[in-house]
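Contents: one structure, followed by commentary.
Protein chains: 2
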Amino acid sequence: MTFGEYIREHREALKSQDRRFSVRQVAQRIGVEPAYLSKIERGDVAPPSEAKIRALAEELDEDPDVLLAMAGKVSSDLQEIIRKRPQLFADLIRQLKSAPDHAILRIARDVRDGDW
Amino acid sequence: MTFGEYIREHREALKSQDRRFSVRQVAQRIGVEPAYLSKIERGDVAPPSEAKIRALAEELDEDPDVLLAMAGKVSSDLQEIIRKRPQLFADLIRQLKSAPDHAILRIARDVRDGDW
DNA sequence: ATAAATGTGTAGTATATAGTACACATGACA
DNA sequence: TGTCATGTGTACTATATACTACACATTTAT
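Protein chains in written order, with our numbering: chain A, 4 to 119; chain B, 4 to 119.
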């Protein structure tokens, strides 16, 4: 599923419960022209900027990292973390490329709990 | 130190031992115009594309991830790994933001050795 | 029935990205 | 001393990114 299809689907779902989730009203709240949001949802144009994707995530109550990923982007705050210690993070991330989900989850939990 | 300064410094160091490391010759080997490389080194223009930075890293025997970081970029292969499992990686990387180097190094080693 | 709201087609814009092409003054060197 | 290579200034160019503005037909609400 593309970024646009995903947005349309989730916006429509909200719209069926609350008519403030029309293309026009959502567009206005995230600060773009209605025609632009319409084109984004139909895949007529590329996904918008990170800032607009974040606004959309907030509006639709979705995970911004997931939406950014669907848009082919990686959050700029993550990029900055990596850029500060490129060798360490590049090495770690490549190591984790084919690690199972539960392993990554567990490492994150261990780090959070200070178990390392 | 900027990307350009760093490149110039390291290219000049190689040049002092081997005159094939002139702006012109390096430019030709990495596939850009000499004037362009000159401008890059002096910060007259933004750093080049990821592909050219990789060619430069190879040519100067530098770590591509470090050069990319200096250029304000993150390797596209890392971005792809993150985009495939955005929640897991976003969470982990943010957890590791302020972890000490040795902790990150150790996690990478543990993963490599299968100790997890 | 009509006014308001809706979704979308067409056309255009500003800025960034990623360079090329050529000329020219300077310096090395044989 | 001529020529060959070097570094760089100026002027362009092509493509991508990230949108706006307006018109218009359709659908919905009162």
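Where is the CB? At the ideal position from N, CA and C, for every residue including glycine.
All of these numbers come straight from a predicted model, not from anything done at the bench.
Once you ignore the five residues that flank residue i on each side, which residues in its own chain have a CB closer than 7 Å to its CB?
i, result
"aspartate 68 (chain B)", "Ser78"
"isoleucine 33 (chain B)", "Lys55, Ala58, Leu59 and Glu62"
"glutamate 65 (chain B)", "His13"
"lysine 18 (chain A)", "Phe24 and Ser25"
Please report how far the alpha carbon of residue i lies from the alpha carbon of residue j, in whole angstroms.
i, j, result
"isoleucine 10 (chain A)", "leucine 59 (chain A)", "8 Å"
"arginine 14 (chain B)", "aspartate 104 (chain A)", "42 Å"
"leucine 95 (chain A)", "leucine 63 (chain B)", "24 Å"
"aspartate 113 (chain A)", "glutamine 28 (chain A)", "43 Å"
"serine 101 (chain B)", "isoleucine 107 (chain B)", "10 Å"
"alanine 111 (chain A)", "isoleucine 85 (chain A)", "16 Å"
"leucine 40 (chain A)", "leucine 70 (chain A)", "15 Å"
"arginine 23 (chain B)", "isoleucine 43 (chain A)", "50 Å"
"glutamate 12 (chain B)", "aspartate 21 (chain B)", "14 Å"
"glutamate 36 (chain B)", "glutamine 90 (chain A)", "30 Å"
"proline 50 (chain A)", "alanine 16 (chain B)", "44 Å"
"glutamine 82 (chain A)", "arginine 88 (chain A)", "10 Å"
"glycine 117 (chain B)", "glycine 75 (chain B)", "32 Å"
For the alpha helix (DSSP H) that contains residue i, what are its first and last residues?
i, result
"arginine 32 (chain A)", "26-33"
"arginine 23 (chain A)", "Arginine 23 (chain A) -> no alpha helix (DSSP H), and no H or E assigned at all."
"glutamate 61 (chain A)", "53-63"
"methionine 73 (chain A)", "67-73"
"aspartate 94 (chain A)", "89-99"
"arginine 112 (chain B)", "104-115"
"serine 41 (chain A)", "37-44"
Report the residue from the options whose alpha carbon sits nearest the alpha carbon of residue i.
i, options, result
"glutamate 8 (chain B)", "B:Met73, B:Val29 and B:Pro37", "B:Met73"
"glutamate 53 (chain B)", "B:Asp80, B:Gln31 and B:Tyr39", "B:Asp80"
"glutamine 98 (chain B)", "A:Arg109, A:Gln98 and A:Arg97", "A:Arg109"
"arginine 45 (chain B)", "B:Lys76, B:Ala30, B:Gln82 and B:Thr5", "B:Thr5"
So with CB distances below 7 Å, who are the chain B contacts of residue i?
i, result
"glutamine 90 (chain A)", "Asp66, Asp68 and Val69"
"leucine 99 (chain A)", "Val114"
"leucine 17 (chain A)", "Near leucine 17 (chain A) there are no residues of chain B at all, since even the closest Cβ is about 21 Å away, more than 7 Å."
For a contact defined as C-beta to C-beta under 8 Å, what are the partners of residue i on chain A?
i, result
"isoleucine 110 (chain B)", "Leu95, Ile110, Val114 and Trp119"
"alanine 30 (chain B)", "Near alanine 30 (chain B) there are no residues of chain A at all, since even the closest Cβ is about 25 Å away, more than 8 Å."
"glutamine 20 (chain B)", "Near glutamine 20 (chain B) there are no residues of chain A at all, since even the closest Cβ is about 25 Å away, more than 8 Å."
Within its chain, find whatever has a CB closer than 8 Å to the CB of residue i; leave out the 5 residues flanking it on each side and keep chain order.
i, result
"alanine 93 (chain A)", "Ile85"
"valine 48 (chain B)", "Tyr39 and Lys42"
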